[in-house]
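Number of protein chains: 2
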Amino acid sequence: MLTANKVLLKFLAAPINPSDINQIQGVYPLRPDFSKPQQSEHGATAGNEGLAEVVDVGPSTDQRFGLQCGDWVLPVVPCFGTWRTHAVVEADHVIKIPRLPSLTVLQAATLAVNPCTAYRMLRDFVQLEKGDYIIQNAANSAVGQYVIQMAKAWGYRTVNVVRSRPQFEVLAQQLKDLGADIVVQDSELSKAETKDMVASLEAPIKLGLNAVGGRATAALSRHLADGATLVTYGGMGREPVTLSTSAFVFQSLHAAGFWVSRWYSEHPVDDRVAMWRQVIEMYDRKQMSLPQLATVTWRRSTPLAELREKVLDAVDPPDSRPGQAKKVLLFEG
Amino acid sequence: MLTANKVLLKFLAAPINPSDINQIQGVYPLRPDFSKPQQSEHGATAGNEGLAEVVDVGPSTDQRFGLQCGDWVLPVVPCFGTWRTHAVVEADHVIKIPRLPSLTVLQAATLAVNPCTAYRMLRDFVQLEKGDYIIQNAANSAVGQYVIQMAKAWGYRTVNVVRSRPQFEVLAQQLKDLGADIVVQDSELSKAETKDMVASLEAPIKLGLNAVGGRATAALSRHLADGATLVTYGGMGREPVTLSTSAFVFQSLHAAGFWVSRWYSEHPVDDRVAMWRQVIEMYDRKQMSLPQLATVTWRRSTPLAELREKVLDAVDPPDSRPGQAKKVLLFEG
């Protein structure tokens with residue numbers, strides 16, 4: 575029996591983000607509060623992102639939460655613990671998302687982190703005009719693919735850097751099919767032809783997005799226009815961000831960082847719902863498609879040993895390399 | 575005979591800045607325009623900073639320049655060529671400075687670059703409140719000493735990093751006499767005691783100033799508060815600026831650069847005169863003193879061989895190490 579202002583959730587799907595693995599490893603700045611009695615006894619449930627359906631609402635739950643059975647909701651508190659089939663939580667710990675008829679479970683379950691990271695990085699750092707270029711590395715990561723698609727939808731153009739590989743042309747074509755204007759291998763980034771190509775672009779590159787670090791970031795930054803901003807949102811290369819002194823002094827480079835969890839903690843709920851609605855509408859208008867996902871289905875009928883193996887495989891090794899499909903736990907039945 | 579809107583200048587003193595040496599070496603972004611006929615024939619005169627006295631004014635020179643014989647002026651165009659005894663220039667290539675009775679030739683000659691770099695870095699990047707801390711490396715450089723003194727005058731507090739040395743306590747006391755609150759050797763910067771000391775400060779460190787680069791900058795940045803700004807204005811360590819990915823992502827570090835030449839090119843002359851007046855008033859009120867300077871006196875009577883040797887010694891090796899006295903050419907007689 576639920577009490578007032580509690581809701582019963584049934585999870586439909588929960589992504590496994592690299593940050594979830596880092597959190598379990600104890601190297602992520604957000605961690606569950608183990609001082610709460612129920613958590614010190616039972617540990618904490620992992621997972622920070624996920625889609626749940628409201629399946630029961632406590633009596634006299636405050637109408638301002640506006641929750642009804644059948645609503646799709648996302649967590650609005652950090653360290654929610656989404657890797658579970660059901661949860662009873664405070665009504666204000668989740669928020670209802672706009673459920674357009676075309677919206678899929680996987681689109682909704684992966685809404686809060688990757689597309690919103692791309693969205694904010696394109697919106698919040700530089701005043702871009704239609705036709706302006708941005709440059710990004712890790713362009714075939716999930717965030718990278720959202721950047722390509724949103725930039726295209728909003729009239730910006732993209733220079734996309736990927737790691738060198740034998741099948742480069744295949745990948746380049748895939749990214750161009752998403753809307754990429756230019757795709758470059760990182761080994762080509764410092765070559766004279768690439769510099770000439772960038773110098774001949776019709777518009778300056780005012781924004782750089784970095785999820786790699788090390789020399790790759792320095793090489794990317796050299797293509798930025800005077801006064802441009804470089805936003806770091808990840809460090810897949812496990813090396814620090816290295817930028818030249820002269821870029822700062824003589825080219826007025828600005829370097830900043832983006833962390834979607836901080837954005838959520840610093841902005842009112844209405845702002846996130848407005849952003850989510852825009853992303854959902856972009857899916858609905860076919861301006862955007864999901865990056866490749868690998869699903870791990872979690873059925874009531876799945877034998878425990880099999881389920882255990884599938885989940886362990888999904889979380890280890892961490893999915894932190896660009897181009898690897900993001901994994902999503904899918905709860906069925 | 576001067577023509578209209580020309581003035582004859584007699585230089586009184588001209589500093590030798592590291593950037594002048596870099597300009598001669600051809601590795602500085604600003605360089606003289608060698609396409610002008612008189613420069614392609616005779617080369618260009620070096621020197622970008624200096625103080626001149628107006629000794630003649632062309633007939634019917636436009637009154638809006640407001641120049642009279644006896645005025646002290648500074649160049650307002652880049653690549654002016656200040657290492658010379660006299661010059662005939664357009665009246666709008668110089669600007670008169672407020673000449674308070676206490677103002678010395680050396681204070682005026684070194685006004686445009688070092689104190690104004692300190693001034694702008696303290697004013698333009700972060701909204702500092704009285705009592706706030708800033709942290710800087712190269713704290714005993716000329717700019718570093720101005721930062722200490724201006725911060726003190728404006729009510730901010732400073733954590734000052736200098737390179738480790740045997741006579742550290744002597745240097746630390748000198749900087750404290752200027753107004754430094756805390757002085758730390760770079761070898762101590764990453765130690766637990768330093769972290770504890772910074773953590774116990776009454777106010778956050780919102781601004782970092784970097785003129786070194788490499789690991790020293792990363793170590794400095796770890797003491798910055800969440801959301802702080804790190805401004806790079808030099809690279810004495812000849813290594814790039816290396817900052818951790820997590821500082822950008824999780825601590826919202828902002829990194830930017832400052833170049834006083836750009837500031838001058840982007841701001842109206844009135845703004846620089848207002849700034850110069852404030853700096854001159856700080857000297858007048860004894861809130862600020864000149865860093866140690868080494869003068870090279872250039873007299874009409876000095877034998878050519880002796881003068882040549884003194885000047886070559888002054889420009890080679892470049893004075894780019896912190897703590898070395900800045901050299902100023904002093905024109906006498």
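If you read the protein sequences in the order shown, they are chains B and E. First residue of the first sequence? That's 575 in the working numbering, and the numbers climb one at a time after it. First residue of the second sequence? That's 575 in the working numbering, and the numbers climb one at a time after it. Heads up, the beta-carbon is just placed ideally off N, CA and C, and yes, glycines get one too.
Inset, instruction - Can you say whether residue 544/E is buried or exposed, counting buried as having 16 or more other CB atoms within 10 angstroms of its CB? - result: This structure gives no information on residue 544/E, because the portion of chain E shown stretches from 575 to 907.
Legend entry - CB contact flag (residue 662/E, residue 654/E, <9 Å): Residue 662/E places its beta carbon 9 Å or farther from that of residue 654/E.
Legend entry - Positions along the segment 592–607 of chain E whose CB lies within less than 7 Å of some CB in chain B: Listed by position along the chain: 603.
Inset, instruction - Return yes when the Cβ of residue 619/B is within less than 9 Å of the Cβ of residue 665/B, no when it is not. - result: 9 Å or more divides the Cβ of residue 665/B from the Cβ of residue 619/B.
Legend entry - Assumed close pair residue 794/B, residue 784/B - CB separation to whole angstroms, cut-off 8 Å: The beta-carbon separation of residue 794/B and residue 784/B, rounded to 6 Å, stays under the 8 Å limit for a contact.
Inset, instruction - State buried or exposed for residue 890/B, treating a residue as buried only when at least 16 other CB atoms are found within 10 Å of its CB. - result: A residue is called buried once 16 or more other Cβ atoms fall within 10 Å of its Cβ, and residue 890/B, having fewer, is exposed.
Inset, instruction - List the whole-angstrom C-beta distance separating residue 832/B from residue 823/E, where the pair is believed to meet the contact cut-off of C-beta under 8 Å. - result: Contact annotation, residue 832/B with residue 823/E: C-beta distance approximately 7 Å; criterion of less than 8 Å satisfied.
Legend entry - Beta-carbon proximity check, residue 668/E vs residue 904/E, cutoff 9 Å: The answer is no: Cβ separation not under 9 Å.
Inset, instruction - Would you mind working out which of 621/E, 777/E and 610/E sits nearest residue 729/E, comparing C-alpha positions? - result: The option with the nearest alpha carbon to residue 729/E is 777/E.
Inset, instruction - Answer with yes or no whether the minimum CB distance from residue 652/B to chain E is below 9 Å. - result: Chain E contact via Cβ: absent.
Inset, instruction - Give me whichever residues DSSP pairs with residue 710/E in a beta bridge. - result: Paired residues: 734/E and 783/E.
Inset, instruction - Please work out which residues of its chain come closer than 6 Å, Cβ to Cβ, to residue 786/E, disregarding the five sequence neighbours upstream and downstream, and give them in chain order. - result: Cβ neighbours of residue 786/E beyond the five flanking positions: 711, 712, 810 and 811.
Legend entry - Contact with chain E by residue 864/B, beta-carbon distance below 9 Å: Judged by the 9 Å Cβ criterion, residue 864/B is not in contact with chain E.
Legend entry - Interface flag, residue 893/E vs chain B, CB-CB below 9 Å: No answer about residue 893/E holds up, because its pLDDT of 45 lies below 50 and its placement is not dependable.
Legend entry - Which of helix, strand or coil DSSP assigns to residue 699/E: Secondary structure of residue 699/E (DSSP, three-state): coil.
Inset, instruction - List the residues that DSSP assigns as beta-bridge partners of residue 589/E. - result: DSSP, once it has assigned bridges, lists 902/E as partnering residue 589/E.
Legend entry - Three-state secondary structure (DSSP) of residue 872/E: When secondary structure is reduced to three states using DSSP, residue 872/E falls in the strand class.
Inset, instruction - Examine the Cβ distances between the segment 752–762 of chain E and the segment 682–699 of chain E and report whether three or more of them are shorter than 8 Å. - result: Contact between the segment 752–762 of chain E and the segment 682–699 of chain E is absent, because fewer than three Cβ pairs lie under 8 Å.
Inset, instruction - Tell whether a beta-carbon distance below 9 Å holds between residue 843/E and residue 721/E. - result: Contact: no.
Inset, instruction - Rounded to whole angstroms, what's the CA-CA distance from residue 583/E to residue 846/E? Just pull it up for me. - result: Rounded to the nearest angstrom, the two C-alpha atoms are 21 Å apart.
Legend entry - C-alpha gap between residue 731/B and residue 709/B, whole angstroms: Distance from the CA of residue 731/B to the CA of residue 709/B, rounded to the nearest whole angstrom, comes to 9 Å.
Legend entry - Secondary structure of residue 664/B, DSSP reduced to three states: Strand.
Inset, instruction - Can you check the segment 842–866 of chain E for any alpha helix (DSSP H) of at least 4 residues that lies completely inside it and give the ranges in chain order? - result: Here the runs fully enclosed are 843–858.
Legend entry - Selection from 647/E, 594/E and 694/E that minimises the alpha carbon distance to residue 677/E: Ranking the options by Cα distance to residue 677/E, first place goes to 647/E.
Legend entry - With 16 other Cβ atoms within 10 Å as the buried cut-off, status of residue 715/B: With 16 or more Cβ atoms within 10 Å of its Cβ, residue 715/B is classed as buried.
Inset, instruction - Please name the residue, chosen from 854/E, 656/E, 821/E and 885/E, that lies closest to residue 802/E on a Cα-to-Cα basis. - result: Taking only the C-alpha atoms, the option nearest residue 802/E is 821/E.
Inset, instruction - Check residue 834/E in the structure and name its three-state DSSP category. - result: Of the three classes helix, strand and coil, the one that applies to residue 834/E here is helix, per DSSP.
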